[in-house]
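Numbering (the numbering used here), first residue to last: 102 to 265. Beta carbons: idealized from backbone N, C-alpha and C, even for Gly. Read the structure below first, then the notes.
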Amino acid sequence: MIRFFTAIEKGLNAGVRWLVILLMLAMTGMVFMQVVMRYVFNAPIGWAEELPRFAFVGISFLGAAALLRREKHIQVMVFFDRFPSALQWMARFISHIGALICIGFFFKGGVGITFDEWMQLAPASQFPMGWVYMVIPVSAFLMMICTLINLTRNIRELIAERRS
Numbered sequence: 102m103i104r105f106f107t108a109i110e111k112g113l114n115a116g117v118r119w120l121v122i123l124l125m126l127a128m129t130g131m132v133f134m135q136v137v138m139r140y141v142f143n144a145p146i147g148w149a150e151e152l153p154r155f156a157f158v159g160i161s162f163l164g165a166a167a168l169l170r171r172e173k174h175i176q177v178m179v180f181f182d183r184f185p186s187a188l189q190w191m192a193r194f195i196s197h198i199g200a201l202i203c204i205g206f207f208f209k210g211g212v213g214i215t216f217d218e219w220m221q222l223a224p225a226s227q228f229p230m231g232w233v234y235m236v237i238p239v240s241a242f243l244m245m246i247c248t249l250i251n252l253t254r255n256i257r258e259l260i261a262e263r264r265s
């Protein structure tokens, strides 16, 4: 069962990684185009300021989900390293449960704001803001999956450690 979830997680993470790369390329291209149009041709493009901002938001949220998969977020290791190994595991377990609770609130709030802002249009680009806000519940869902897999991985490591 864990292999199934790990395969799903790896597939989702590969998709997220490519999406972040594409958003980064698009953002860079739009900003470059805006600079050229503004300073070389003296003809700025209005939407070329909004869309890179939206891409940056997507990169931030999706990148956070990708980092969580590999547990690369900032951790207070000074705090964990002072505990014996059994308590380190317990602290990590509590950390995962706390993260799941916070991510649950994040998901719920993200769904609410996505529905509230679905029909609103961005001023310059007329891009539906619901699509911009949708990155919140999507990234929260990905974070939940990653946290659950990390939690089960830590439990399996503890069980294997106790057996040996």
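Taking 8 Å as the cut-off, decide whether the C-beta atoms of Met134 and Ala149 are in contact.
-> yes
Are at least three pairs of beta-carbons, each pair with one atom in the segment 104-113 and one in the segment 246-255, less than 8 Å apart?
-> yes
CB-CB under 7 Å to Val212, same chain, minus the five flanking residues each way: which ones, in chain order?
-> Pro238
Quick one: what's got a C-beta closer than 7 Å to Phe157's C-beta in the same chain, skipping five residues either side?
-> Met128
One or two residues paired with Leu222 in a DSSP bridge | Pro229
Take every Cβ of the segment 136-156, pair it with every Cβ of the segment 225-233, and state whether three or more of those distances are shorter than 8 Å.
-> yes
From the DSSP output, in three-state form, read off Met235 for me.
-> coil
In angstroms with no decimal places, state the Cα-to-Cα distance between Phe105 and Phe206.
-> 26 Å
Expected contact under 8 Å - CB spacing of Val236 and Phe162 to nearest Å = 5 Å
Verify whether the separation of the beta carbon atoms of Ala165 and Asn114 is less than 8 Å.
-> no
Backbone secondary structure at Asn143 - three-state DSSP | coil
Rounded separation between Arg171 and Gly116 - CA only | 15 Å
How many whole angstroms separate the CB atoms of Met131 and Pro153, which I take to be in contact at a CB cut-off of 8 Å?
-> 5 Å
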